[in-house]
Amino acid sequence: MRAYTTGVCFLALLLVLNVVNGDNPYRFYTWKITYGDIYPLGVKQQGILINGQFPGPTIDCVTNDNLIISVYNYLNEPFLLSWNGLQQRRNSWQDGMYGTTCPIPPGKNFTYALQAKDQIGTYFYFPSLGLHKAAGGYGSIKVYSRPQIPVPFPPPSGDYVVLAGDWFKRSHRQLKYFLDGGHNLPFPDGLIINGRGWNGYTFSVDQGKTYRFRISNVGLATSINFRIQGHTMKLVEVEGSHTVQNTYTSLDIHLGQSYSVLVTANQPAKDYYVVVSSRFTSKVLTTTAILHYRNSFTKVSGYPPAGPTTQIDWSLNQARSIGRNLTASGPRPNPQGSYHYGLIKPARTIILANSAPYINGKLRYAVNSVSYLSPDTPLKLADYFNIGGVFSVGSMPDRPSYGNGYLATSVMHADYRSFVEIVFQNWENSIQSWHIDGYSFFVVGMDGGQWTQASRSSYNLKDTVARCTVQVYPKSWTAIYMALDNVGMWNIRSEDWARQYLGQQFYMRVYTSSKSWRDELPIPRNALLCGRARGHRTRPL
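Numbering (mature numbering (1 follows the signal peptide of the UniProt record, and there is no 0)) for the sequence shown: -22 to -1, 1 to 519.
In structure tokens, the structure reads:
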């Protein structure tokens, strides 16, 4: 197979991709996906590498940059990448979930054409098929502000990525076997930081200087707590929102979430523990990296600092303390708070309740009693080509029925430019984490018990953050406001990957009858076609 590089003719590539954003810079990437030996917990495992790396390369870009990522699949099975938080404006074709995009077959190539449209912040990419995420294949995405947009803190002396999460010594195929057999995943074997276990990774700093740490929870099943021995952290950004710059000694980061903090190296010159520990687990898992002062000759010793000992109340209070910096510009030169979300009356309230039913004798996970059944054809292609029998709009109810669980290819209808309220209701004893592709939403409230209309009296309608992933505490609810300003077929899912794999997800079809490219980009000419979409033409009519 011939691997084309970034020397491919620029004009020809744009014509193939059917993308023209000439006013904004282009960044080209060529990624080779392979298997390779990795040792995250000291045991040799087969990992998924990108250009021989685990974790994969970091994407560094600026607001509105165009990202042309040519992915060559050298695995012996299909492969698909998704972009956790990098919104694809008007372009769910590139979302990288199976409901929107065909997998890349073994030995084949697909070129993603993405744009960091009107975004800043910290995100990550990951393999979205099956349990590939348990084998690696993930990496960080850093979207910087344009030079003319002021950032509400001085430029840091360094910008570090922290990709942390749980890890299993079993292969992704073994873990998939557990789930296919109707069982949950076993307890994780440990935690890792940037692909390595205990003291396996080092962050080097100069005394007196300040550094940005971008922390993402890329695990499969576990909330984590992050802290640095002897140092405080100033929170500055959450998934694209500049925040009120509160100072914390530790931060809870739930599945799929990303945070940016500033850390000043203002302690005596020696090495310190960077600690990640599990939260809301019966057994506390802990791993460490090293914060190394360059003028230090003293290694770490003793025990790393312990995390919070209290559970839900501590974490809930911390979550409520995170506010949006209303005086800071976002990706555009205007204050983030100029969008007055709290003054808009939602046109619709959607309540989503998670559950864990047994269906046909096997464990499944569900939303409003519907456990998602993956079809043979991506929903986006079936919708575009008018292929019947793949899904039915309205097969996802917007209220829980509390009936028995059942299987369906669940799709919810939504109107373009509507403004909705979504309530995540969790009646289980475990913490949940929810992600919505293609969108950033306002987290207006969270509390224990059952949500009612009276719960709105406690909403933050002034300065809550906008983000793409939110936690729901055990026996609790979380409410969000969301402007449906992005046409397409978008995945709403649990970030607990066993739950996602076993049905706790669905798709929202944000629809307009308009055929204007202003509202939605046409199907890419290089789109892969699979299932019942094979043989159709991709050239837009």
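C-beta: ideal position from N, C-alpha, C; glycine also.
All figures in this text were calculated on a predicted structure; none of them were measured in a lab.
Residue i and residue j closer than 8 Å at C-beta
i	j	result
CYS508	CYS80	yes
LEU59	TYR479	no
PRO286	VAL253	no
ILE28	GLY173	no
ALA306	GLN314	yes
ALA247	LEU359	no
ARG326	SER293	no
MET374	THR78	no
GLY366	ILE337	no
LEU341	ASN162	yes
THR41	ALA94	yes
residue 582	THR188	Any question about residue 582 goes unanswered here, given that the chain covers just -22 to 519.
GLY175	THR259	no
residue 595	GLN97	Since the first residue shown for the chain is -22 and the last is 519, residue 595 is missing from the structure and cannot be characterised.
TYR250	GLN207	yes
CYS217	GLY308	According to the sequence displayed, residue 217 carries Glu and not Cys. Against a cut-off of 8 Å, the Cβ pair of GLY308 and GLU217 comes out as no contact.
PHE369	VAL389	yes
residue 521	GLY178	Summary: the structure shown does not reach residue 521, with the chain confined to residues -22 through 519, and so no result is reported for it.
residue 520	VAL398	A question about residue 520 goes unanswered here, because the residues of the chain that appear run from -22 up to 519.
ASN2	ASP43	yes
Enclosing beta strand (DSSP E) for residue i [first to last residue]
i	result
ARG487	483 to 489
SER362	In the sequence under discussion, the amino acid at residue 362 is Tyr, which differs from the Ser named in the question. Premise fails: TYR362 lies in the alpha helix (DSSP H), 357 to 362, not in any beta strand (DSSP E).
ASN295	Premise fails: ASN295 lies in the alpha helix (DSSP H), 290 to 299, not in any beta strand (DSSP E).
TRP468	466 to 472
LYS495	Reading off the sequence, residue 495 comes out as Trp, not Lys. Element bounds for TRP495: n/a, residue is neither H nor E.
GLN410	410 to 414
LYS120	117 to 122
PRO105	99 to 105
TRP455	454 to 461
For residue i, three-class secondary structure by DSSP
i	result
GLY197	coil
HIS110	helix
PRO502	coil
LEU169	strand
SER316	helix
TRP405	coil
LEU240	strand
CYS(-14)	Residue placement at CYS(-14) cannot be trusted, given a pLDDT of 41 that sits under 50; what the coordinates show is reported in the next sentence. If DSSP states are grouped into helix, strand and coil, CYS(-14) belongs with coil.
GLY509	helix
SER307	strand
SER60	strand
TRP9	strand
LEU19	coil
SER274	coil
Cutoff 8 Å: residue i Cβ touching any chain E Cβ
i	result
ARG174	Within the model displayed, chain E is absent; a lone protein chain is all it includes.
Enclosing alpha helix (DSSP H) for residue i [first to last residue]
i	result
ASP158	150 to 158
TYR138	First-last for TYR138: 136 to 145, but that is the beta strand (DSSP E), not the alpha helix (DSSP H).
GLN478	475 to 479
Buried/exposed call for residue i, threshold 16 Cβ in 10 Å
i	result
GLY25	buried
PHE104	buried
THR276	exposed
LYS111	buried
GLU498	buried
ARG496	exposed
ASN62	buried
GLY513	exposed
GLU55	exposed
LEU321	exposed
GLY481	buried
THR225	exposed
PRO125	exposed
HIS150	buried
residue 525	This structure does not reach residue 525, given that the chain is present from -22 up to 519, and the question cannot be answered.
LYS440	exposed
SER279	exposed
ASP415	buried
LEU304	exposed
ASN273	exposed
HIS318	exposed
VAL450	buried
Checklist entry - Looking at C-beta atoms only, is the number of pairs between the stretch 464 to 477 and the stretch 409 to 419 that lie closer than 8 Å three or more? => result Result yes; three or more Cβ-Cβ pairs closer than 8 Å.
Checklist entry - So, do the stretch 447 to 456 and the stretch 393 to 405 have three or more beta carbon pairs nearer to each other than 8 Å? => result Contact annotation: the stretch 447 to 456 touches the stretch 393 to 405, with at least three C-beta pairs closer than 8 Å.
Next on the checklist: For the structure I just gave you, are there three or more beta carbon pairs, one from the stretch 412 to 420 and one from the stretch 429 to 447, closer than 8 Å?
Outcome noted: Contact between the stretch 412 to 420 and the stretch 429 to 447 is present, because at least three Cβ pairs lie under 8 Å.
Next on the checklist: Tell me whether the stretch 499 to 508 and the stretch 142 to 149 touch, counting them as touching only if at least three CB pairs, one residue from each stretch, are closer than 8 Å.
Outcome noted: No, because fewer than three Cβ pairs between the stretch 499 to 508 and the stretch 142 to 149 fall closer than 8 Å, the two stretches do not touch.
Next on the checklist: Does the contact criterion of 3 or more C-beta pairs under 8 Å hold for the stretch 186 to 205 versus the stretch 38 to 50?
Outcome noted: Taking 8 Å as the limit for Cβ pairs, the verdict is that the stretch 38 to 50 does not touch the stretch 186 to 205.
Checklist entry - Per the contact definition of three or more C-beta pairs closer than 8 Å, is the stretch 344 to 351 in contact with the stretch 374 to 387? => result At 8 Å Cβ cutoff, the stretches touch.
Next on the checklist: Check whether the stretch 117 to 131 and the stretch 150 to 166 are in contact - that is, three or more C-beta pairs closer than 8 Å.
Outcome noted: No, the stretch 117 to 131 is not in contact with the stretch 150 to 166.
Next on the checklist: So, does the stretch 229 to 237 touch the stretch 179 to 199, judging by three or more C-beta pairs under 8 Å?
Outcome noted: The stretch 229 to 237 is in contact with the stretch 179 to 199.
Checklist entry - Do the stretch 482 to 489 and the stretch 421 to 434 touch if we need at least three Cβ pairs shorter than 8 Å? => result Of all C-beta pairs linking the stretch 482 to 489 to the stretch 421 to 434, fewer than three are shorter than 8 Å, placing the two stretches out of contact.
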